[in-house]
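What follows is a short report on a single structure.
Residue numbers (the numbering used here): 41 to 673.
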């Protein structure tokens, strides 16, 4: 049966003309908007994810699939860890390759969203010309990709977790849309695809469905947000393809079983990390589910506001928690009303209403893992969480403009896109150095102690100590129990030889956090310099309680005990070093010294000989060996 092609004006381009120029323009705009970020420094979570992450140092090691279980950005997210390992192999700690890959991921996500929206808008059979469906898809993808809210997910390297998960989430839906036989583009798009079939064969439907499952599985190893993808695909099927849940299940039962099986990937990763993300998320970290839920009422309304009016943008909202319903009652009512409207629209029999319900479900379902009742205590609000939910908001904005403004719609959408592009470029300029972005954050959210602390660190590294001390003081005035601020201020003071002041903050650090190993190391070093050997022993023993294999602590404590003629425990510490480092010549020599002083010259000779085999030119050890041999005569 022939497909009727609606009449178009001569000025309207054919649908196939959008197949390459539109994606090319979209990618060009994205690259242009983020071109000024390629040299932005490592910031915020980048330290734990990259600079302090030993598992990305060797791409050929299995360790890349086992990121640190310390609650850092890569914990439980091996796909992201592998991508950082690729960057490290390319450029080490030079930022350019990390930013280039982040930009490529974002551009691919924008293209995937464009393809998904073209097919989705076509399936709705809206009373709009085909040309307008293409414009709507391009406009929504462009507004999403160029929205200033996306800067955190793209420019902050560690937030690749969000953008890569977003790409895989979108591709899962896109591959399903391509693979589901029921979703046939309407009218001219269908004719175009049939016309191309003989020249540009596409993978069969089963192939696309397999790709959807693979994409979903990799996404589960990227970020926990992916847990909602199988549910959203099923809802997409019911809304745009099968038109009912029963029909979707009957038509693609095996596919949905396979898609649900990808949850096993996430469960396995959670099991490897004891069901949590270190000290960053969970129910036993001092924030109740109710308090976190109240906080998310405020957060969700803020996210919606920033989606429509992206100012002010804040890199870090800190860890503030709302504990009173009275403080967020109206935000709670807004969210409840939107949830009710989403459910009502999704249950409506009219396809256009169901589509609205799907958009609402897209927004709330994707945000649910991070913005409901499971406490994420290290960041109670974060703009990067809007990376994917923003697509629903921008799609609704575009459809509303198309419907309400008619012929003027494309012009208005172009203005909105240009505005988003301009603000994105300006916002990316804020990320040019740590002092600039943290000054911006502290100015916009002056009650956030972490913003002042991070600005203090940036100022310290920039050689501006007076300003750094002022910011450390502000951070501690806002939160006197801020352990990290106490410790880092102490380190900054030690760099200026202000030992007495540094000791006060180191003492506060171990008082507030007795398990702070780095503070104990600093205190042990300072106590040793001051000749307070009893204090040195206390702090090194504290370190060994926290890290029994700490070689430096064993070495230093062994020497200290040997100096105090406590020979037996000193020998145990040197043996602990040798169990980990059998080729440590100093440890063999020091153990020999202790054994010789303990009246065991024969055992000392064995240690000295081993040390000399490792370091033959050590004159002092050779002399001690001769003394030990003489002691046997």
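C-beta atoms are modelled at their ideal positions from N, C-alpha and C, and glycine is treated no differently.
Bear in mind that the values here come from a model prediction, so they are computed numbers and not experimental data.
Helix, strand or coil, according to DSSP, for residue 680 in the structure here?
The question about residue 680 has no answer, for the chain in this structure spans 41 to 673.
Count the C-beta pairs between the segment 100-117 and the segment 71-83 that are closer than 8 Å, then say yes if the count reaches three, no if not.
No, the segment 100-117 does not touch the segment 71-83.
So, is residue 239 buried or exposed, given that buried needs 16 or more other C-beta atoms within 10 angstroms?
Because the pLDDT of residue 239 is 42, which lies under 50, any placement of that residue in the model is unreliable, and the number read from its coordinates should be weighed accordingly. Counting Cβ neighbours within 10 Å, residue 239 comes out exposed, since fewer than 16 surround it.
What's the gap between the Cα of residue 657 and the Cα of residue 626?
Each residue's Cα considered, the two are about 13 Å apart.
Quick check on residue 570 - is its C-beta less than 7 Å from some C-beta in chain C?
Within the model displayed, chain C is absent; a lone protein chain is all it includes.
Any chance you could list the alpha helix (DSSP H) runs of at least 4 consecutive residues sitting entirely within the segment 276-313, in chain order?
For the segment 276-313, whole alpha helix (DSSP H) runs of length 4 or above, ordered along the chain, are 285-291, 293-301 and 303-312.
In angstroms, rounded to a whole number, what distance separates the CA positions of residue 455 and residue 136?
Using only the alpha carbons, I get a separation of about 31 Å.
Closest to residue 304 by CA distance: which of 672, 254 and 514 is it?
Residue 304 has its Cα closest to that of 254, out of 672, 254 and 514.
With distance defined between alpha-carbon atoms, name the residue in 551, 214, 528 and 420 nearest to residue 280.
Of 551, 214, 528 and 420, the residue nearest in Cα terms is 214.
Please report the residue range of the alpha helix (DSSP H) in which residue 177 lies.
Note, residue 177: alpha helix (DSSP H), 170-185.
Just to confirm the assignment, what range does the alpha helix (DSSP H) spanning residue 473 have?
Unbroken run through residue 473: none, as it is neither H nor E.
With 16 as the cutoff for other CB atoms within 10 Å, does residue 127 come out buried or exposed?
The residue in question, residue 127, is buried, as its Cβ has 16 or more Cβ neighbours within 10 Å.
Measure the alpha-carbon distance for residue 232 versus residue 416 and round it to whole angstroms.
Because the pLDDT at residue 232 is just 45, under 50, the model does not fix this residue reliably, and the point stays unresolved.
On the DSSP bridge assignment, give the partners of residue 584 in chain order.
According to DSSP, residue 584 bridges with nothing at all.
If you reduce the DSSP assignment to three classes, tell me which class residue 742 lands in.
No information on residue 742 is available, as it lies outside the stretch 41 to 673 that the chain covers here.
Here's the rule I'm using: 16 or more other beta-carbon atoms within 10 Å means buried, otherwise exposed. How should residue 263 be labelled?
Residue 263 should be labelled buried.
When the Cα atoms are used, what is the spatial distance from residue 347 to residue 433?
In a straight line, the C-alpha of residue 347 is about 7 Å away from that of residue 433.
Just to confirm, are residue 401 and residue 382 a CB contact at a threshold of 7 Å?
Yes. Within cutoff.
Terminal residues of the continuous alpha helix (DSSP H) containing residue 345?
Run containing residue 345: 329-348, per the alpha helix (DSSP H) assignment.
Taking just the CA atoms, how far does residue 207 sit from residue 148?
Going from the Cα of residue 148 to the Cα of residue 207 covers about 7 Å.
If we ignore side chains and look at the alpha-carbon of each, how far apart do residue 425 and residue 335 end up?
Cα to Cα, the separation comes out at about 15 Å.
Under the three-state reduction of DSSP, which class applies to residue 660: helix, strand or coil?
Correct three-state label for residue 660: helix.
Do residue 460 and residue 186 have their C-beta atoms within less than 7 Å of each other?
Yes. Within cutoff.
Identify, in the order they occur along the chain, each residue of the same chain with its Cβ nearer than 7 Å to the Cβ of residue 487, setting aside the five sequence neighbours on each side.
Cβ within range, chain order: 518.
In the structure shown, what three-state DSSP assignment does residue 360 receive?
Residue state, collapsed to three classes: coil.
Within a Cβ cutoff of 7 Å, which residues of the same chain sit near residue 449, ignoring the five residues on either side of it in sequence?
Result list for residue 449: 441 and 442, in chain order.
Leaving aside the five residues before and after residue 611 along the sequence, list all residues of the same chain whose C-beta is less than 7 Å from its C-beta, in chain order.
If we look at residue 611 and ignore the five residues flanking it on each side, its Cβ neighbours are 631, 634 and 635.
Tell me the residue span of the alpha helix (DSSP H) that contains residue 629.
Looking at the DSSP string, the run of the alpha helix (DSSP H) that includes residue 629 is 625-637.
Pick from 86, 202, 180 and 91: whose alpha carbon is nearest that of residue 119?
Closest option to residue 119, Cα to Cα, is 202.
Specify the secondary structure class of residue 553 as computed by DSSP and reduced to three states.
Residue 553: coil per DSSP, three-state reduction.
Counting only the same chain and skipping the five closest in sequence on each side, list residues whose C-beta sits under 6 Å from that of residue 180.
Excluding sequence neighbours, residue 180 sits near 157, 434, 435 and 438.
If we ignore side chains and look at the alpha-carbon of each, how far apart do residue 654 and residue 624 end up?
Near 8 Å, if we compare the C-alpha coordinates of residue 624 and residue 654.
Look up residue 321 in the DSSP assignment and give the residues it is bridged to.
416.
Looking at C-alpha atoms only, which residue of 389, 344 and 359 is the closest neighbour of residue 375?
Cα-wise, what sits closest to residue 375 is 344.
Among the candidates 410, 411, 356 and 379, whose CA atom is the shortest distance from the CA of residue 398?
Out of 410, 411, 356 and 379, 379 has the C-alpha closest to the C-alpha of residue 398.
Could you tell me the boundaries of the alpha helix (DSSP H) in which residue 199 lies?
Neither: residue 199 is in no alpha helix (DSSP H) and is coded neither H nor E.
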